[in-house]
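Its first residue numbered 1, the sequence shown is counted upward by one per residue in UniProt numbering.
Even glycine gets a Cβ: it sits at the ideal position worked out from N, Cα and C.
Structure first, then comments.
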Amino acid sequence: MDVNELFWQAPIDDLKKGYIDQATHFTCLLCGEKVEKGIIYPQEGLLYEAEKMMQHHITLAHHSVFHYLNGLNKKMTGLTEHQSHILRLFYEGKSDQEIKEELEIGSATTIRHHRFALKEKERQAKTLMVMMELLKEQDQKEEPFVPIHKTATMVDDRYNVTLTEEQQLLEKLFPTGVGKELVRFPKREKQKIVVLRAIANLFDQEKHYTEKELNEVIKPMYEDYVHIRRYLIEYGFLDRKADGSAYWVKK
Numbered sequence: 001m002d003v004n005e006l007f008w009q010a011p012i013d014d015l016k017k018g019y020i021d022q023a024t025h026f027t028c029l030l031c032g033e034k035v036e037k038g039i040i041y042p043q044e045g046l047l048y049e050a051e052k053m054m055q056h057h058i059t060l061a062h063h064s065v066f067h068y069l070n071g072l073n074k075k076m077t078g079l080t081e082h083q084s085h086i087l088r089l090f091y092e093g094k095s096d097q098e099i100k101e102e103l104e105i106g107s108a109t110t111i112r113h114h115r116f117a118l119k120e121k122e123r124q125a126k127t128l129m130v131m132m133e134l135l136k137e138q139d140q141k142e143e144p145f146v147p148i149h150k151t152a153t154m155v156d157d158r159y160n161v162t163l164t165e166e167q168q169l170l171e172k173l174f175p176t177g178v179g180k181e182l183v184r185f186p187k188r189e190k191q192k193i194v195v196l197r198a199i200a201n202l203f204d205q206e207k208h209y210t211e212k213e214l215n216e217v218i219k220p221m222y223e224d225y226v227h228i229r230r231y232l233i234e235y236g237f238l239d240r241k242a243d244g245s246a247y248w249v250k251k
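Written as C-alpha cells, this is what we have:
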C-alpha cells in the first residue's frame, strides 16, 4: 500500500501524529519514511528509540503535521490561501493584535470573524465525517475509489474511478504489465489519472532521478516519453528542479 492510501485510510489519531505503527516499523503518513523498531538511532549527540526517531523525522522533514497539512492544495483542505495563512498564525499562538499587524488588517474584529468562520468549517467537517462513517456502515458493498494523491494539482471528477475500474483499464492499456508497452495514452482525464498513477508508482520514492534516468523508465512504455514526463509533473505525481537536473516522486 503506497503512502497516499495509508494517509487516506489512517484514523484521525494517527493522522494527528503523522505516522502509523506497523508490525516491524513506524511509517510516516506524510512522506512514507520508515523507521525500524528495535533499533537505537543516534542523532545530533542524542539517542532515539524508533518512535521518538519518527517524531524527530516529522519535525525535521515537515516542521509539524499541522504545517504539512496546512500546505496541501486548497482542494484538499477546503481553505482559501488567506484562511490557511490565518490558521497557521493561530496555530503559532499569535494574538489577534499580532495577526492584525502582520496581515495589515484594519481591525481585530476582522480576525475574530475569521476565527468564527473557521470554527463553522470545523463543525461542518465533523458533521460530514460522522455522516460518511454512518454511510459506510450502512453500505458495506461500497466500491472503493482510486485514492487521490496528496500532491494532486487538480482535484475533481477525474478521480471518480473505482479500484476495479482502474485494474480493468490497466490490463487493457498495459496488456503485458505496467512498465511495459502502453497501447495508447488516453485522452479521457479519468483514464489519464489511472495511467499516470501507475507509471508514478514505478519510481523509487526515495530516489532523485536525472532526466536521462527518468526517460529510461518511461521509454519502454511509450514512444513519446517527453509527453508522459510533462504530464507526470503537471498532474503533481513528480516534481523537479527548475533546471531539470533532478526529478523525484512528489510527496
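Rounded to a whole number of angstroms, what is the C-alpha to C-alpha distance between Ile199 and Gly244? 19 angstroms
Within 10 angstroms of its Cβ, does Arg229 collect 16 or more other Cβ (buried), or is it exposed? buried
Taking C-beta to C-beta, are Glu234 and Pro147 nearer than 7 angstroms? no
Grab me the residues of Thr164's own chain with a C-beta within less than 8 angstroms of its C-beta, minus the 5 sequence neighbours each way, in chain order. Glu143
Nearest CA to the CA of Lys16: which residue from Leu29, Phe90, His25 and Ala23? Leu29
Classify Val183: buried if its beta carbon has 16 or more other beta carbons within 10 angstroms, exposed otherwise. exposed
Coil, strand or helix - His25 by DSSP: strand
According to the neighbour-count rule (16 or more other Cβ atoms, all chains shown, within 10 Å of its Cβ), is Met154 buried or exposed? exposed
For the stretch 62-82 and the stretch 36-49, state whether three or more C-beta atom pairs, one from each stretch, are separated by less than 8 angstroms. no
Given a cut-off of 7 angstroms, decide if Gln205 and Gly32 are closer than it, judged by their beta-carbon atoms. yes
Report yes or no: do the stretch 92-105 and the stretch 54-65 share at least 3 C-beta pairs separated by less than 8 angstroms? no
Could you please give the first and the last residue of the uninterrupted alpha helix (DSSP H) stretch that includes Val65? Val65 to Asn70
Beta-bridge pairing of Val178 - partner residues as DSSP gives them: Lys180
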